[in-house]
Amino acid sequence: MILSKPAAVHVTLRVTSHVWSLRGLRCFRVIEGSFAEARGRFGLRIIEFSVMDKHLHLFVEADDDLALSRGIQGLRLRITRELNRVMGRRGAVFADRHHARVLGSPNEYVTAMADLLGSAAQQYGAEGAEAFSSAAYDNQKRERVLSSARTWLLIAGWRRRMPVELQAISGFAPGSPTATSPPPSPSTLTTTSRITSTIPSGPAPRSRAA
Numbered sequence: 063m064i065l066s067k068p069a070a071v072h073v074t075l076r077v078t079s080h081v082w083s084l085r086g087l088r089c090f091r092v093i094e095g096s097f098a099e100a101r102g103r104f105g106l107r108i109i110e111f112s113v114m115d116k117h118l119h120l121f122v123e124a125d126d127d128l129a130l131s132r133g134i135q136g137l138r139l140r141i142t143r144e145l146n147r148v149m150g151r152r153g154a155v156f157a158d159r160h161h162a163r164v165l166g167s168p169n170e171y172v173t174a175m176a177d178l179l180g181s182a183a184q185q186y187g188a189e190g191a192e193a194f195s196s197a198a199y200d201n202q203k204r205e206r207v208l209s210s211a212r213t214w215l216l217i218a219g220w221r222r223r224m225p226v227e228l229q230a231i232s233g234f235a236p237g238s239p240t241a242t243s244p245p246p247s248p249s250t251l252t253t254t255s256r257i258t259s260t261i262p263s264g265p266a267p268r269s270r271a272a
């Protein structure tokens, strides 16, 4: 993957089996704090995120390849240091190097978001699917922890491909920290996986294990 200009990227970080559940309150606070510390550093901007038991999904903007590499490396070091402190352990926290996929179109972004929301709903149920994601943030918290988008795709372009139903379900509003979506209801959240299948497929995504 070669980024020569700011781009939207879906980053996945996986932790080792000995690490406590990232959705536990203590671990989740570590992750939030690390996001806030890393806010806007090295040309990397965390726009949205979702935390699973053993991995993190980040929707970020990176100014270029170097910004992506340095930004994620710095974030991994912060999270590793703080999780080890909380767990009273030493050593590796992440299972492998991060996986990064460039989101080159509104369709790719919406498909990635729909897949993520559907997976969370299946694993944790309607009530818990989004409690550990940026969808649960109010405006003030978004401004403290996350960054504002600068690319057209994450400011406005994604809305052209996301069905209205999914916008309401997700609560995500990338690039618009002052805008909020209606809170998801259990009845609409369970439709996420069905909505995913209605989104037309786009070009094959570009990915790498960095």
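If you use the working numbering, the sequence shown corresponds to residues 63 to 272, in order. Cβ atoms here follow ideal geometry from the backbone N, Cα and C, with glycine treated the same way. If you're wondering where the values come from, they're calculated on a predicted model, not measured in any experiment.
1) Buried or exposed: where does residue 201 fall if 16 or more other Cβ atoms within 10 Å of its Cβ makes it buried?
2) Per DSSP, which one or two residues make a beta bridge with residue 107?
3) Run through DSSP, which three-state label would residue 75 get?
4) Mapping the DSSP letters down to three states, classify residue 129 as helix, strand or coil.
5) So for residue 81, helix, strand or coil by DSSP?
6) Excluding the five sequence neighbours on either side, which residues of its own chain have a C-beta within less than 7 Å of the C-beta of residue 104, listed in chain order?
7) Could you tell me which of 90, 123 and 166 sits nearest to residue 114, measuring between CA atoms?
8) Within 10 angstroms of its Cβ, does residue 79 collect 16 or more other Cβ (buried), or is it exposed?
9) Do residue 155 and residue 77 come within 8 Å of each other at the CB atom, strictly closer than that value?
10) So, under 8 Å CB-CB, residue 288 and residue 171 are touching, yes? Tell me the CB distance rounded to an integer number of Å.
11) Under the rule that 16 or more other beta-carbon atoms within 10 Å means buried, what is residue 81, buried or exposed?
12) Measuring CB to CB, does residue 96 end up less than 8 Å from residue 140?
13) With 16 as the cutoff for other CB atoms within 10 Å, does residue 192 come out buried or exposed?
14) Just the Cα atoms here: how many angstroms apart are residue 102 and residue 214?
15) Relative to the alpha-carbon of residue 207, which residue among 71, 92 and 86 has its alpha-carbon at the smallest distance?
16) Please tell me whether residue 109 and residue 209 are closer than 8 Å, where the distance is taken between their beta carbons.
17) Run through DSSP, which three-state label would residue 44 get?
So, from the listed chains and residues:
1) exposed
2) 123
3) strand
4) helix
5) coil
6) 129, 132, 133 and 136
7) 90
8) exposed
9) yes
10) Nothing about residue 288 can be read from this structure; the chain reaches only from 63 to 272.
11) buried
12) yes
13) buried
14) 18 Å
15) 92
16) yes
17) The structure shown does not extend to residue 44, since the chain spans only 63 to 272, so no value can be given for it.
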